[in-house]
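Since the structure comes first, as structure tokens, the remarks are kept for the end.
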Amino acid sequence: MPLLDTHSRVTHRPEPGFALLALVQATLIFTITLVAVPLPLIGVEFDLSTADLVVLQIAYGLPYSGLLLLGGSLTDRFGGTNLMRTGLWTFGLASLGAALAPGFDTLVAMRGLQGVAAALVAPAALAQVAALFPQAEDFDRAMARWGGISVLGAAMGTVLSGIVTTWVSWRWMFLVPGVVSALALLTERWLLPKVLSKDRGQSLDLFGAGLALVGFSAGGYGLAMGSETGWDAPSVLAALVLGVASLTGFAWHERRADAPLLPADFLRDKGRLAGAFGIFLAAASMGLVTFILAIYLQSGPGWSPLATAGAMVPYLAVLILGGGPSGQMVIGMGTRNAMILGLVLSAIGLWLLAGFGPNYVVEILPGLVLLPAGTSLVFAASAVLMTQGVSPVRMGLAGGVMNTAMELGPTAGLAGFMALASLRTEIEAGWSLVFMSAGGVAFLLAVSACFVLKRLQVTGAWK
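For the sequence shown, my numbering begins at 2 and goes up steadily by one.
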């Protein structure tokens, strides 16, 4: 069981600690998208191919998603405090290494190390949130806000990367996560409770962790590279086969392991399963918008990186202004209704973006306003669904699963939807098909939520 320092000053003043954890969580997601806008400039500087740029784009997300379940298990075993400190040190040093990278190989390696560190920090941060808000009602309110933080971080990465790249250099973008890591390490002793654990004798499922890492990484790589090098390329086929085989082996192994990373009954709860799907789809939608618009606006109308970043400001503004109301709506109208409304708004926003074109105000802006309003609600409702009924001693697991869904969206989800673009001969027509398809999936998930979550009840703490 976790040990909480009950003499900590944050017991009665949790908000400063929550603000610090929110900043850390936003930065972890921010780091996914910080290379989206400067990718063309990085490609020119290092003379990279399109395939190289794809590798750079996914180098952070693949180890992040592949190791999150292990990070959750380590959090439950060693406590959120120790894991977060270790992860922040590694994350900060890797960010500095990326900023100083002399070449492509070093930059990819540092992005990968950032992902490994983030897999330690993310579930540990959620365990700290649970310690800050021990009362179930307060924790649900905190999680409703927590869900909107992630989507805000992703949008900030796109906007800030364009500004910093234009005014200074893309290398300065990697200093942002380094500075946040340093700030968190300097202040967490005063703002966060010390959460340790007695369960250090519990064995770690390292074999399962290896299968998950190989499965998510190989599968994500195959999906990402398929649209670039062709689905019949030997490397793509090998990666996809390895990914499917590893994940199949992971599912088989977890049902028989003594201390599984992902106990079979965890996702049997309809609320948690719906929350995982909601987070995955919302994250994939965000990835589609930032990826497609960043490329289109610079290659089509010929906008500069700064102008491209400016185009995303309304998206960011809706996220900032809607974060608080989204959390309040989840608590006020219930997670089921908030989830359904968010998915419907997301679907309409994606369908509007399917008609994108050079007229920004008419053909892009409406979708950029409606989509974040929907995804904010989806993230907020999903965060509550994923953690309701989970006992504090297993909050690391909940954080690992929740963040895995978050990371698979911009990697595997993005790659899967982008594969549909190859069904059209014209690139822009393919992108329109992608937006239409994503909107259709969001609408179908909303319809499913009407029935799946109709009689949702939390019957007790999942242990």
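Just so you know, even glycine gets a beta-carbon here, dropped at the ideal spot from N, CA and C.
{"Query": "Could you pull the start and end residues of the alpha helix (DSSP H) that Asp-106 belongs to?", "Result": "105 to 133"}
{"Query": "Would you report the Cα separation of Ser-247 and Gly-73, rounded to the nearest angstrom?", "Result": "20 Å"}
{"Query": "Does the beta-carbon of Leu-5 have 16 or more other beta-carbons within 10 angstroms, so that it is buried, or is it exposed?", "Result": "Its pLDDT being 47, under 50, Leu-5 is placed unreliably by the model, and nothing is read from it."}
{"Query": "Let me know if Glu-255 comes out buried or exposed under the rule of 16 or more other beta-carbons within 10 Å of its beta-carbon.", "Result": "buried"}
{"Query": "Taking just the CA atoms, how far does Thr-426 sit from Ala-399?", "Result": "42 Å"}
{"Query": "In angstroms with no decimal places, state the Cα-to-Cα distance between Ser-204 and Ala-260.", "Result": "7 Å"}
{"Query": "Assuming Val-331 and Val-385 form a contact by the criterion Cβ under 8 Å, report the distance between their Cβ atoms to the nearest whole angstrom.", "Result": "6 Å"}
{"Query": "Per DSSP, what kind of secondary structure is Val-38 in: helix, strand or coil?", "Result": "coil"}
{"Query": "From Arg-78 to Gly-223, what distance separates their C-alpha atoms?", "Result": "33 Å"}
{"Query": "For Val-314, collect the residues of the same chain with a Cβ closer than 7 Å to its Cβ; drop the 5 residues on either side in sequence, then sort them by chain order.", "Result": "Val-160"}
{"Query": "Report all residues from its chain with a CB closer than 6 Å to the CB of Pro-178; omit the five preceding and five following residues, and keep chain order.", "Result": "Thr-28, Thr-32, Ser-96"}
{"Query": "When we look at the beta-carbon of Thr-51 and count the other beta-carbons within 10 Å, is it buried (16 or more) or exposed?", "Result": "exposed"}
{"Query": "From what residue to what residue does the alpha helix (DSSP H) around Leu-369 run?", "Result": "366 to 388"}
{"Query": "Specify the secondary structure class of Trp-463 as computed by DSSP and reduced to three states.", "Result": "Unreliable placement is indicated for Trp-463, whose pLDDT of 39 sits below 50; no coordinate value is reported for it."}
{"Query": "Which stretch, first to last residue, makes up the alpha helix (DSSP H) that contains Tyr-61?", "Result": "It is not in any alpha helix (DSSP H) - Tyr-61 carries neither H nor E in the DSSP assignment."}
{"Query": "What residue range is occupied by the uninterrupted alpha helix (DSSP H) comprising Arg-86?", "Result": "81 to 100"}
{"Query": "Tell me whether Asp-1 is buried or exposed, calling it buried when 16 or more other Cβ atoms sit within 10 Å of its Cβ.", "Result": "Any answer about residue 1 is impossible in this case: the structure gives the chain only from 2 up to 464."}
{"Query": "Which term fits Glu-138, buried or exposed, when burial requires 16 or more other beta carbons within 10 angstroms of its beta carbon?", "Result": "exposed"}
{"Query": "Among the residues of its own chain, which have a CB less than 6 Å from the CB of Thr-388, if the five just before and after it don't count?", "Result": "Met-144, Ala-399"}
{"Query": "Applying the criterion that 16 or more other CB atoms from any shown protein chain within 10 Å of the CB defines a buried residue, is Asp-141 buried or exposed?", "Result": "buried"}
{"Query": "Please state the DSSP three-state secondary structure of Met-287.", "Result": "helix"}
{"Query": "Helix, strand or coil: which one does DSSP assign to Ser-50?", "Result": "coil"}
{"Query": "Please identify the residue among Leu-42, Leu-192, Asp-233, Gly-116 whose C-alpha is closest to the C-alpha of Ser-170.", "Result": "Leu-42"}
{"Query": "Considering just the uninterrupted stretch of the alpha helix (DSSP H) at Thr-336, what are its terminal residues?", "Result": "336 to 354"}
{"Query": "Span of the alpha helix (DSSP H) holding Leu-446?", "Result": "428 to 453"}
{"Query": "According to the Cβ coordinates, are Thr-76 and Leu-69 closer than 8 Å?", "Result": "no"}
{"Query": "Could you work out which residue in Thr-309, Met-287, Ser-286 is closest to Tyr-297 when comparing CA atoms only?", "Result": "Thr-309"}
{"Query": "Leaving out the 5 sequence neighbours to the left and right, which residues in its chain are closer than 6 Å to Ala-120 when beta-carbon positions are compared?", "Result": "Tyr-65, Leu-68, Leu-69, Gly-72"}
{"Query": "So what's Asp-141 in DSSP terms, helix, strand or just coil?", "Result": "helix"}
{"Query": "So, under 8 Å CB-CB, Gly-350 and Leu-371 are touching, yes? Tell me the CB distance rounded to an integer number of Å.", "Result": "4 Å"}
{"Query": "Does the Cβ of Val-242 have 16 or more other Cβ atoms within 10 Å, making it buried, or fewer, making it exposed?", "Result": "exposed"}
{"Query": "So for Trp-304, helix, strand or coil by DSSP?", "Result": "coil"}
{"Query": "Along the chain, where does the alpha helix (DSSP H) containing Val-242 start, and where does it finish?", "Result": "235 to 255"}
{"Query": "Of the residues Ser-438, Phe-380, Gly-272, which one's Cα is nearest the Cα of Gly-154?", "Result": "Phe-380"}
{"Query": "With distances taken Cα to Cα, identify the nearest neighbour of Pro-264 among Ala-239, Gly-209, Ala-283, Val-245.", "Result": "Gly-209"}
{"Query": "Between which two residues does the alpha helix (DSSP H) holding Ala-260 run?", "Result": "Looking at the DSSP string, Ala-260 is not in any alpha helix (DSSP H), and its letter there is neither H nor E."}
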